[in-house]
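Chemist: Sharing a structure below in structure tokens format, with a few things to ask.
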Ligand SMILES: [Fe+2]
């Protein structure tokens, strides 16, 4: 059974999926179970992957990494997601972008996640 907001990856084709509505089935891609991605928060490389959060009233600025993460074709942050108690906010990036997002949030922030195409899912 899945849980809300879980991220799964297909280790064959690279599909990444987020659970937006809970169901009882196992997520399958390319004929195999998709891998539930672990949300890293204390691993090596955290200085380039852990979200750094600044809050000014209802504006939340998120930078990926205390040292900004590389944004090259082969290695970049694909998205940042802010999960609040009343909504989810996401910004998607392309190589060459700065891995910085701003969200207008009038709610309690539950977590902020970032997905690196090489080093996976990170959460603060
Ligand atoms: Fe990375």
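In our numbering, the protein residues as written are 11 to 134.
Where a beta carbon is used, it is the ideal one built from N, C-alpha and C, also for glycine.
Just so it is clear, the structure is predicted and the values come from calculations on it, not from any experiment.
1. Runs of 4 residues minimum, wholly inside the stretch 54 to 91: which ones carry the alpha helix (DSSP H) assignment?
2. For residue 66, which of 116, 49, 101 has the nearest alpha-carbon?
3. Which residues mark the beginning and the end of the beta strand (DSSP E) in which residue 131 is found?
4. So, are the CB atoms of residue 151 and residue 110 less than 8 Å apart?
5. Out of 82, 12, 19, which one is the CA nearest neighbour of residue 31?
6. Shortest alpha-carbon distance to residue 118 belongs to which of 97, 105, 106?
Modeler: With the given structure in hand:
1. 56 to 59
2. 116
3. 130 to 133
4. In the structure as shown, the chain starts at 11 and stops at 134, and residue 151 therefore has no counterpart that could be examined.
5. 12
6. 97
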